[in-house]
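Note that the sequence shown ends on residue 534 in our numbering; no numbers are left out.
These notes are about the structure you will find just below.
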Amino acid sequence: MPKNRKRKEQAEADHNPKLPTKTTPKDPYPNHARPTREECVSVRDDLLALHGFPKEFAKYREQRLSSQASNGHDNDVSSEPLDEKESVLDGLVRTLLSQNTTESNSLKAFASLKSAFPTWEEVLAADSQSLESAIRCGGLAKTKASCIKNMLSCLLEKKEKLCLEYLRDLSVDEIKAELSHFKGIGPKTVACVLMFQLQQDDFPVDTHVYEIAKAMAWVPVGADRNKTYLHLNQWIPDELKFDLNCLLYTHGKLCRKCIKKGGSTGKQQEKESEDSNSCPLLRYCK
Ligand SMILES: [Zn+2]
């Protein structure tokens with residue numbers, strides 16, 4: 249039950265008096281004073297020099313910059329034409345479909361879903377088996393189909409229409425509260441939607457980011473993924489979150505050296521350090 253988990257985390261966090269203050273205390277490791285701002289900047293710059301800014305995220309980066317620019321004026325950001333932007337609901341379902349599968353399979357599953365059921369009303373009205381076959385190529389079809397259906401019916405009940413655009417006007421905490429009502433939508437999915445569709449400053453922790461964060465000791469040994477998420481969100485400065493996240497994710501997909509070095513001992517580690525020049529993160533890994 250996500251609700252119980254949330255309550256437990258909150259209880260744990262409430263014991264810690266020395267939290268860096270934000271809206272709510274959430275850091276499970278307030279005394280683990282890393283990563284520092286300097287480390288974040290330095291890792292970002294090293295990865296940017298190595299990979300450049302990853303093309304697959306360039307579109308979202310532009311949307312952020314243009315949304316920040318219009319925030320500086322008195323324009324209402326939500327009145328921007330939506331046709332160029334992916335809708336929040338599309339983004340949420342696309343993120344759900346990307347769980348436990350490769351990028352290309354999840355893209356295929358989303359395209360197949362859209363071609364079988366062009367509107368969300370049709371998805372909701374579809375029988376479970378047709379829905380499952382439409383998204384089968386993305387894996388875990390039964391679980392994902394029931395999660396999508398459940399989310400759509402909750403949304404319809406609550407808002408009387410299948411649209412999540414109202415989230416664009418809410419704060420990060422409010423958005424998290426809204427999305428946590430839907431069964432099967434975990435913190436990583438919420439964080440991705442916050443970062444990509446809603447242009448908020450959040451730092452999702454997927455497998456790649458998690459492995460690198462552990463290798464660089466940005467979290468204590470034994471930290472699980474959700475605590476890593478809570479900790480990194482407190483320590484990584486907001487304005488660095490988006491770029492750093494895209495870069496760490498991209499680096500994690502392309503390089504295994506830093507992850508191995510952070511987690512291994514003995515011969516393997518010696519062997520890895522022979523070509524330490526090839527990965528700039530090795531110098532941050534113990
Ligand atoms: Zn590396």
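Virtual Cβ for every residue (Gly too), placed ideally from N, Cα, C.
Every value quoted in this text rests on a predicted model; they were computed, and no experiment measured them.
For the alpha helix (DSSP H) containing residue i, name the first residue and the last one.
i: F490; result: 486–502
i: E286; result: 285–299
i: Y477; result: 473–483
i: L435; result: Checking the sequence shown, residue 435 turns out to be Pro, not Leu. Residues 435–444.
i: E370; result: 368–373
i: A364; result: 351–364
i: A463; result: 455–463
i: A530; result: The question names Ala, but residue 530 is Leu in the sequence shown. Per DSSP, L530 belongs to no alpha helix (DSSP H) and is neither H nor E.
i: R342; result: 336–345
May I have the straight-line CA-CA distance separating residue i from residue j, to the nearest angstrom?
i: I396; j: V341; result: 7 Å
i: R384; j: T437; result: 20 Å
i: Y532; j: C506; result: 9 Å
i: R473; j: K407; result: 32 Å
i: Q316; j: D294; result: 25 Å
i: E405; j: T367; result: 17 Å
i: D450; j: V467; result: 17 Å
i: A389; j: R282; result: 39 Å
i: I484; j: A374; result: 42 Å
i: E286; j: L355; result: 36 Å
i: K333; j: S428; result: 23 Å
i: N279; j: Q482; result: 12 Å
i: S381; j: G387; result: 10 Å
i: V291; j: K475; result: 21 Å
i: K307; j: S335; result: 14 Å
i: T349; j: D417; result: 31 Å
i: E370; j: K508; result: 46 Å
Any idea if residue i is buried or exposed, counting beta-carbon neighbours within 10 angstroms, 16 or more meaning buried?
i: K274; result: buried
i: Y477; result: buried
i: K251; result: Caution applies to K251, whose pLDDT of 45 falls short of 50 and renders its modelled position unreliable; the value that the coordinates give is listed next. Looking at its Cβ environment, which holds fewer than 16 other Cβ atoms inside 10 Å, K251 is exposed.
i: S378; result: exposed
i: D486; result: exposed
i: V469; result: exposed
i: T498; result: buried
i: N493; result: buried
i: S346; result: buried
i: C402; result: exposed
i: G500; result: buried
i: T269; result: Legend: pLDDT at T269 = 40, less than 50; position of this residue unreliable, no value from coordinates given.
i: K489; result: buried
i: G300; result: exposed
i: K424; result: buried
i: Y414; result: exposed
i: A461; result: buried
Since residue i and residue j are thought to touch, with beta carbons under 8 Å apart, how far apart are those beta carbons, to the nearest angstrom?
i: L442; j: K392; result: 20 Å between Cβ atoms; not a contact.
i: Q311; j: Q447; result: 6 Å
Alpha helix (DSSP H) runs wholly inside the stretch 377–447, at least 4 long, in chain order
Restricting attention to alpha helix (DSSP H) runs no shorter than 4 residues, the stretch 377–447 encloses them at 389–407, 420–427, 435–444, ordered along the chain.
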